[in-house]
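Down below is the structure, laid out as structure tokens.
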Amino acid sequence: MMNADITTRIEKDLIGHREINNDHYYGVQTLRALENFNLTNSKVGNFPNLIKA
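Residue numbers (the working numbering): 5 to 57.
This is how it looks when you write it as structure tokens:
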């Protein structure tokens, strides 16, 4: 899955090894969470009252 245009790194945890693009600042646990859980596309900036609190 290596691509000459994108530099990647190998991250590992107890489940195994995963290839992650270097332009991502997260690790293998976050990658697995993104793949396994339906997350919203909303950003905290969309809720100014929450930020004020």
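Beta carbons are placed, not taken as given, at the ideal position from N, Cα and C, and that holds for glycine. From a predicted model like this one, the values you see are computed outputs, not experimental measurements.
What residues match up with residue 25 in a beta bridge as DSSP calls it?
Within the sequence shown, the letter at position 21 stands for residue 25. Paired residue(s): 12.
Might you give, ordered along the chain, the residues of its own chain that have their beta carbon closer than 7 Å to the beta carbon of residue 17, omitting 5 neighbours on each side?
As a working note, residue 17 is residue 13 in the sequence shown. These residues qualify, in order along the chain: 32 and 33.
Checking 8 Å against the spacing of the C-beta atoms, do residue 26 and residue 13 come in under that value?
Locating residue 26 in the sequence shown gives position 22, where the first residue counts as 1. Locating residue 13 in the sequence shown gives position 9, where the first residue counts as 1. The criterion of a C-beta distance shorter than 8 Å is satisfied by residue 26 and residue 13.
For residue 45, which of helix, strand or coil comes out of DSSP?
The residue labelled residue 45 in the question sits at position 41 within the sequence shown. If DSSP states are grouped into helix, strand and coil, residue 45 belongs with coil.
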